[in-house]
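Protein chains in written order, with the numbering used here: chain D, 1 to 307; chain C, 308 to 614; chain A, 615 to 921; chain F, 922 to 1228.
Each remark here refers to the structure printed beneath this line.
Number of protein chains: 4
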Amino acid sequence: MNAAVRAVVRTALHHQDLAVFGIIGGYAGLLESNLQRLESRAMANILQRGGTVLKTGRCLEFHRPEVRAQAAQNLRNLGIGGLVVIGGNGSFMGAHLLAQEHNISVVGVPGTIDNDIYGTDQTIGSDTAVNTALDAIDRIRDTATSHDRLFIVEVMGRNSGFLASAVGLAGGAEEILVPESPVPLEKVVQKIQASASKGKRSSILIAAEGQKPGRAYDLAEQLRKRAGLDAKVCILGHQQRGGSPSASDRILASRLGHGAVEALMQGKTQVMIGVQGGKVVQVSLADAATKSKPLDRESWLLASTLA
Amino acid sequence: MNAAVRAVVRTALHHQDLAVFGIIGGYAGLLESNLQRLESRAMANILQRGGTVLKTGRCLEFHRPEVRAQAAQNLRNLGIGGLVVIGGNGSFMGAHLLAQEHNISVVGVPGTIDNDIYGTDQTIGSDTAVNTALDAIDRIRDTATSHDRLFIVEVMGRNSGFLASAVGLAGGAEEILVPESPVPLEKVVQKIQASASKGKRSSILIAAEGQKPGRAYDLAEQLRKRAGLDAKVCILGHQQRGGSPSASDRILASRLGHGAVEALMQGKTQVMIGVQGGKVVQVSLADAATKSKPLDRESWLLASTLA
Amino acid sequence: MNAAVRAVVRTALHHQDLAVFGIIGGYAGLLESNLQRLESRAMANILQRGGTVLKTGRCLEFHRPEVRAQAAQNLRNLGIGGLVVIGGNGSFMGAHLLAQEHNISVVGVPGTIDNDIYGTDQTIGSDTAVNTALDAIDRIRDTATSHDRLFIVEVMGRNSGFLASAVGLAGGAEEILVPESPVPLEKVVQKIQASASKGKRSSILIAAEGQKPGRAYDLAEQLRKRAGLDAKVCILGHQQRGGSPSASDRILASRLGHGAVEALMQGKTQVMIGVQGGKVVQVSLADAATKSKPLDRESWLLASTLA
Amino acid sequence: MNAAVRAVVRTALHHQDLAVFGIIGGYAGLLESNLQRLESRAMANILQRGGTVLKTGRCLEFHRPEVRAQAAQNLRNLGIGGLVVIGGNGSFMGAHLLAQEHNISVVGVPGTIDNDIYGTDQTIGSDTAVNTALDAIDRIRDTATSHDRLFIVEVMGRNSGFLASAVGLAGGAEEILVPESPVPLEKVVQKIQASASKGKRSSILIAAEGQKPGRAYDLAEQLRKRAGLDAKVCILGHQQRGGSPSASDRILASRLGHGAVEALMQGKTQVMIGVQGGKVVQVSLADAATKSKPLDRESWLLASTLA
């Protein structure tokens, strides 16, 4: 995120007549007019840091029209002509309504580790999250192999199997369970038993958390009951967030942050800056907020072929 | 562990008349005479790998005297005159009994990430585990700070608060809960509220798993009920094992593995090779197997002073 | 590389009638018929390892037609119908000639950290190399900032500024010197002095090694002589190779290795498997071997805007 | 370093009547009275950062008595009663003279990656530097093994082979060249050739930079001329500094920083806080500044036995 903030600030200052303010704490900060002028020098040495120098947080009341009206008023009082929103579907929906109802120019930048935003191949943070999860899986693999054990590793991904699929392919997982394409338990058992019969004595299953974080415990319980398999469970949880961002994420964030300011300068509004086929693109913010991005089935199937 | 295996093998081969066999899969492997001759070249490029090239596993039946008699017979049949056992209390107890009952020379090398072995300041694997857990905590800190949140991070440590204490001091935790020194919930709540009143809006609590892995969930539940605090839970679990070992662990393992062969060459038996005040020492294996190591209270208290 | 080898082997074994041999030590190994049958199980646990389980090396004599004739004969003697070559321009040229002269089916997979292969957006190893270099730069930044110093960091890239440009953008470098677009020394000096006059007291310059590794020392010498600037030099060198591959590299390698076997199964020859706009593609191997890939000027310019 | 600063500040504030100021930029900052009041909150989230929030730098003029008199005057003007100096021999000598000449209470904390300070087993930063160098060596090992090559890796250590010795033992180096115990070139050549004759086709030599950084190039040149050996050179240089500190370094820094304030509170002066045999100790600052610490020959010899 910090890389995107830096890119927005420095691109804007590169055009000499722009001033940039950071909103501290997301929409809640906007409602309290908690803004801070951002200068170029304050952006030094933030590129390598995880988290965000602008704090963040959920703001449920932003769903209410009168609250958004207040937000728009605050922006006008401060003389702010354009808003760059870094976040996911929820943040984009808020921005979209703000723009529609109050004629504020808004541009979205996709930042979520789930990589589940329609209209962009990558979101800021997902490459780092995949690498962090992969580190954990490589370590778990050491134990699985030394102890001939079966592990279930639960990774983030409420509606999306992207992280599970990427991590599973990169980590050589024996099975990947994703929300988009449920696999019956029998098939999972068969696969583990088939592996075992070929002499493979350790396995790692990756499961996206889906609607119910902690489901890996249920799965382990079922494997025990139905097939007598003893599986250890690891929930990666919040460890997948944070940490110094990967090169790829910093570059993506720099490109998208830069693109957001360019879009505002071109008079665009209600667009999200994404990347498709390697190119920076502008897509409808409403689409980004509402449409769902399909799973990359190629990676998911390839992981299975190579397991 | 691999560093210790390498040190044992290469030290033994350095004395020209010794041959070395690795037992594959711990005591269970010994019962099946699953041994493998270990040459110097096979030790190349294992120093940096997590896990162990000799597999491992629990062997509950080793508690029975007749099973140990079989193990001793297997060793004699193979002409093996000395046994180096890398592990924790359980492994040491087995080795101690094997030595007492069957006059086998045994030397222990402390290898457990909990660092809870009596007679040695450090055990192989603990420095790596502390650094791995610290990495996770640094990442969680990014989120805690960005979102103004309270986190409970559960680290390994069944009977020992070593890992929790080290990680908590190094990671700047606001509170560290260890089995050796239980803190009443009221005190924890008071501390969090005191921090909050000083303007600190994010906190990390470290909890050793103790006798009940998953206790962090209970703690979070209690904080919610009694004090209305919303705490996120992270269970680091098996991710703390494995991974490329730290420099300090590789050096320790090299010194202890070397010391184990030296001890066998000196005709010693039933000793554990440890490190005390920076020096390699030999201590009674029975003591190592049975006595408990006190918590380093200095670190635990210092963490609290500096939080 | 190991991820690509694994993908080739497992994809091939997935099609039941294929057998796979690994050539140990590149073309030199082929000349000595140093091949090894590769089974699925041998591919376990290599995904996370740097280097290559098949060794590698230069083979200058492969430039001679009679040597290639011998290589083709060896392949025929072994009953090998298709060859997958993982490497860069030189390896591809050898493969291309082998195919043209002796009617051997060859497919190329781009593996070089310089990311300078025509026909593919990414090469295997480049993402890992960028992240490794970035780690070093983040550490150097700590010292640069603490000591108010100027650093010149030399990264790999004989003909290509890709690595320099990516690392420079991700690392917040003040200036990036690439072979494709030489910058006069005066401009570099001006930029450093302009930064200094804005209060910036530490800077990092990234220089691609170009045709002359060690040129960073010359540059530092010139900055000293002409502008009285005291610059420290770091040559990253071979540290940029090796190491556990990033998730992105493992996924890319898996996709390309899989694509290579698919291409052979389709009867294709003299193609390289690349990735363009996120899709796996087949391009002419001759083009990949001979055409040069232009610098991504967008990244290079963006780094300058954001510095 | 930041962990030590944090420990000094928070320990001091724990004793309610103390105020703490940080000197920005070392002795040069002291001469300009460039001080900053340090509060507890400002110490949040610095534990995991490399470098130092207080900047640093050499100050050659501090060798002159009249300059030290000015520094003492500045401290008195600010009402500062005790000075904690984090650094190496040079910084300690300055502090020692300041104390002797002007009756200022000074306490030293050893912070240098070379681990070459008399009176302490460990210095702050050395464990991190060893791990950073080891990472690089593990990566280089991948290339050395894949390409059957000989590498010379130059690590820091002007007068001390500590870093070389630790890294060499942990990294499985075939030979370690340290300033304290020069090895004739013939012996190095013999060892490499002996390894080669046993079938070992790749080797890594570690060389401490000694009085002449870049000596690894000379060594490679000599190996080429005298023995026809082709060695690649890697100079780790400034990459060994910086980076997020290891757990061990953060704990050491916390203990020493805490000990420094305790010492000042006890009325001590001209002592260095060190660690010996795991215990925090106070040693004469003059000794720490002037006496030299012998090489840990045990590690150095052990590396050779295990290579």
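We put the beta carbon where it would ideally sit given N, CA and C, even for glycine.
Query: Of all the options Gly25/D, Gly119/D, Arg76/D, Ser33/D, which has the alpha carbon lying nearest to the alpha carbon of Met272/D?; Result: Gly119/D
Query: What are the boundary residues of the alpha helix (DSSP H) that Ala1087/F is part of?; Result: 1083-1092
Query: What residue from Leu30/D, Ala307/D, Pro65/D has the CA that sits closest to Arg58/D's CA?; Result: Leu30/D
Query: Assuming Val188/D is part of the alpha helix (DSSP H), what are its boundary residues?; Result: 185-197
Query: If you check the beta carbons only, do Arg1171/F and Leu999/F fall under 8 Å apart?; Result: no
Query: Is it buried or exposed, Ala194/D, if we count other Cβ atoms within 10 angstroms and call 16 or more buried?; Result: exposed
Query: Just list the residues that DSSP pairs Val582/C with in beta bridges.; Result: Val587/C
Query: With a threshold of 8 Å, are at least 3 pairs of Cβ atoms found where one atom belongs to the stretch 178-195 of chain D and the other to the stretch 618-633 of chain A?; Result: no
Query: Looking at Gly771/A: is its Cβ nearer than 8 Å to the Cβ of Leu748/A?; Result: no
Query: Can you tell me whether Gly891/A is buried or exposed, with buried defined as 16 or more other CB within 10 angstroms of its CB?; Result: exposed
Query: Which residue's Cα is closest to the Cα of Ser816/A: Leu799/A, Leu915/A, Ile754/A?; Result: Ile754/A
Query: State the CB to CB distance for the pair Gly257/D and Ala7/D, rounded to an integer number of angstroms; the pair is presumed to be in contact (CB under 8 Å).; Result: 3 Å
Query: With respect to the alpha helix (DSSP H) encompassing Phe399/C, which residues constitute its N-terminal and C-terminal limits?; Result: 396-409
Query: Shorter than 8 Å from the beta carbon of Val1051/F to some beta carbon of chain C?; Result: yes
Query: Relative to the C-alpha of Ile24/D, which residue among Glu262/D, Arg41/D, Val5/D is closest?; Result: Val5/D
Query: Taking the straight line between their C-alpha atoms, what separation do you get for Ile444/C and Leu38/D?; Result: 29 Å
Query: Per DSSP, Ala42/D forms a beta bridge with which residues?; Result: According to DSSP, Ala42/D bridges with nothing at all.
Query: Is there a Cβ of chain D sitting closer than 8 Å to that of Ser817/A, yes or no?; Result: no
Query: Is the Cβ of Lys976/F closer than 8 Å to any Cβ of chain G?; Result: Here the protein chains are D, C, A and F, and chain G is not one of them.
Query: Considering only residues of the same chain and omitting the five flanking positions on each side of Gln1143/F, which have a CB-CB separation below 6 Å?; Result: Leu1106
Query: So, Asp127/D versus Ser160/D, is the Cβ gap smaller than 8 Å?; Result: no
Query: For chain F, check one thing: does any of its Cβ atoms lie closer than 8 Å to the Cβ of Ser898/A?; Result: no
Query: With distances taken between CB atoms, is the gap from Val391/C to Ala596/C smaller than 8 Å?; Result: no
Query: Could you tell me if Met43/D is buried or exposed, where buried requires 16 or more neighbouring beta carbons within 10 angstroms of its beta carbon?; Result: buried
Query: Counting only Cβ pairs nearer than 8 Å, list the residues of chain D close to Gly479/C.; Result: Chain D residues near Gly479/C: none, gap ~14 Å exceeds 8 Å.
Query: Between Leu764/A, Ile694/A, Pro827/A, Ala780/A, which lies nearest to Val802/A when the distance is taken from Cα to Cα?; Result: Leu764/A
Query: Candidates Thr318/C, Gly521/C, Gln577/C: which alpha carbon is nearest Ile411/C's?; Result: Gln577/C
Query: For the beta strand (DSSP E) that Ile140/D lies in, which residues bound it at each end?; Result: Unbroken run through Ile140/D is the alpha helix (DSSP H), 126-147; no beta strand (DSSP E).
Query: For the beta strand (DSSP E) containing Ile483/C, name the first residue and the last one.; Result: 482-484
Query: Excluding the 5 residues flanking Ala28/D on each side, which residues of the same chain have their C-beta closer than 6 Å to its C-beta?; Result: Gly57, Cys59
Query: Would you kindly report the start and end of the unbroken beta strand (DSSP E) that includes Gly1029/F?; Result: 1026-1031
Query: Could you please give the first and the last residue of the uninterrupted beta strand (DSSP E) stretch that includes Gln650/A?; Result: 649-651
Query: Using a beta-carbon distance below 8 Å, is Ala443/C in contact with chain D?; Result: yes
Query: Do you know offhand how far Thr143/D's Cα is from Arg356/C's?; Result: 11 Å
Query: Say the cut is 7 Å; is the CB of Lys1121/F nearer than that to a heavy atom of the ligand SAH?; Result: Among the components modelled here there is no ligand, and therefore nothing to report on the ligand SAH.
Query: Taking Cβ positions only, does Gly856/A come closer than 8 Å to chain F?; Result: yes
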